[in-house]
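In this note's numbering, the protein residues as written are 1114 to 1432.
Ideal Cβ placement from N, Cα and C applies to all residues, glycine included.
Each remark here refers to the structure printed beneath this line.
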Ligand code: PMV
């Protein structure tokens, strides 16, 4: 059945909107089609886990996304009715809107009998992300389309190692596993577009300070990548903590995130940070061998938990 990936940003959220690199991991089967049927032209969508039901005649963002989608996929004027199983939380920093955009493109291509390569799916989904977010970097739709561990930079990241596979113009897929990741959900609602706008306001008011923070984040990513390449978990954790400090200086943390990070550190995590736009949503902790302890502490404190398998290729979302 058709599916799409969620994403977990390990380094570089927000900075990526301003041309810095970001590193993110695909969360396979974040969304999966439960039922897909062709229609005479109308587009209808249901995601019960998100209490979302929309059609292409409706006002509002989901209706606009469906109307735009119709123009993005070639082929006969066939539509669809689709029901989707969501294993990702909506609007929590795990790339739910990009995963939805990618899956909708795949569904329409399927009922119209088109075979779209991942790069074509990504390009169409990126246009839909503009409706959801206004100014998406492209990171989320890239990871949602291709999956794996992606190094992304607008205009193309450097490729220091020829074994890193190029994914379209802006991204490379890296052959590293990231064992020991646990995701905590603050359950504090947030909106990506608002957090991106906050950062934009700060950038206009104090460009030197904010550019300096973005440079620091790029430095964290470099250290993190070097640590990943050497299998140095402690180094990777330290780089994640440093990235979190820069995000907090941009005002993107919140008391629930700070509490999640504290609990993770107390349970032996080597590093942790918010992931996604911040201001709520999810955090990611690196806690190899201590995953269960971190998860238990978070659950006991009333937070949500998502856990992953040991290798990038076999990552599985599990609650
Ligand atoms: O919170 P999410 O899953 O929508 O991720 C947003 C990531 C940002 O870097 C803040 C924005 C972007 O377009 O890359």
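query: State buried or exposed for residue 1275, treating a residue as buried only when at least 16 other CB atoms are found within 10 Å of its CB.; result: exposed
query: Please classify residue 1295: does DSSP put it in a helix, a strand, or coil?; result: strand
query: For residue 1269, which residues from the same chain have a beta carbon less than 7 Å from its beta carbon, with the 5 sequence-adjacent residues on both sides left out?; result: 1282 and 1283
query: In terms of residues, what are the limits of the beta strand (DSSP E) holding residue 1129?; result: Premise fails: residue 1129 is in no beta strand (DSSP E) and is neither H nor E.
query: At what residues does the beta strand (DSSP E) containing residue 1203 begin and finish?; result: Note, residue 1203: premise wrong, no beta strand (DSSP E); not H, not E.
query: Quick check: does the Cβ of residue 1126 come within less than 7 Å of any heavy atom belonging to the ligand PMV?; result: yes
query: Which residues in the same chain have their Cβ closer than 7 Å to the Cβ of residue 1425, if we skip the five residues on either side of it in sequence?; result: For residue 1425, the pLDDT reaches just 44, beneath the cut-off of 50, and the residue's location in the model is therefore unreliable, although a value from the coordinates is still provided. Around residue 1425: 1138, 1261, 1262, 1289, 1290 and 1291.
query: Look at the Cβ atom of residue 1337, then the Cβ atom of residue 1136, and state whether they are nearer than 8 Å.; result: yes
query: In whole angstroms, what is the alpha-carbon distance linking residue 1133 and residue 1125?; result: 7 Å
query: Taking all protein chains shown into account, do 16 or more other C-beta atoms lie within 10 angstroms of the C-beta of residue 1173, making it buried, or fewer, making it exposed?; result: exposed
query: Looking at residue 1250 and the ligand PMV, is the gap between the Cβ and the nearest heavy atom below 7 Å?; result: yes
query: Nearer than 7 Å: is that true of the beta carbon of residue 1255 relative to any heavy atom of the ligand PMV?; result: no
query: Kindly identify the DSSP beta-bridge partner or partners of residue 1286.; result: 1263 and 1278
query: Please report the residue range of the beta strand (DSSP E) in which residue 1141 lies.; result: 1135-1152
query: Judging by CA-CA distance, which residue of 1145, 1308 and 1215 is the nearest neighbour of residue 1179?; result: 1215
query: Who are the near neighbours of residue 1350 in its chain, counting only those whose CB is closer than 6 Å to its CB and skipping five residues on each side?; result: 1383, 1384 and 1399
query: Which of helix, strand or coil does DSSP assign to residue 1196?; result: strand
query: Can you tell me whether residue 1199 is buried or exposed, with buried defined as 16 or more other CB within 10 angstroms of its CB?; result: buried
query: With hydrogens ignored, establish whether the beta-carbon of residue 1338 is closer than 7 Å to any heavy atom of the ligand PMV.; result: no
query: With DSSP as the reference, please indicate the residues paired to residue 1383 in a beta bridge.; result: DSSP lists no partner for residue 1383.
query: Could you give the distance in angstroms between the alpha-carbon of residue 1452 and the alpha-carbon of residue 1310?; result: The first residue shown for the chain is 1114 and the last is 1432, placing residue 1452 beyond what the model contains.
query: Around the C-beta of residue 1190, are 16 or more other C-beta atoms found within 10 angstroms, so that it is buried, or is it exposed?; result: exposed
query: Does the contact criterion of 3 or more C-beta pairs under 8 Å hold for the region 1193-1212 versus the region 1298-1305?; result: yes
query: At a cut-off of 7 Å, is residue 1197 close to the ligand PMV when judged by its beta-carbon and the heavy atoms of the ligand?; result: no
query: Secondary structure at residue 1118, three-state DSSP: helix, strand or coil?; result: strand
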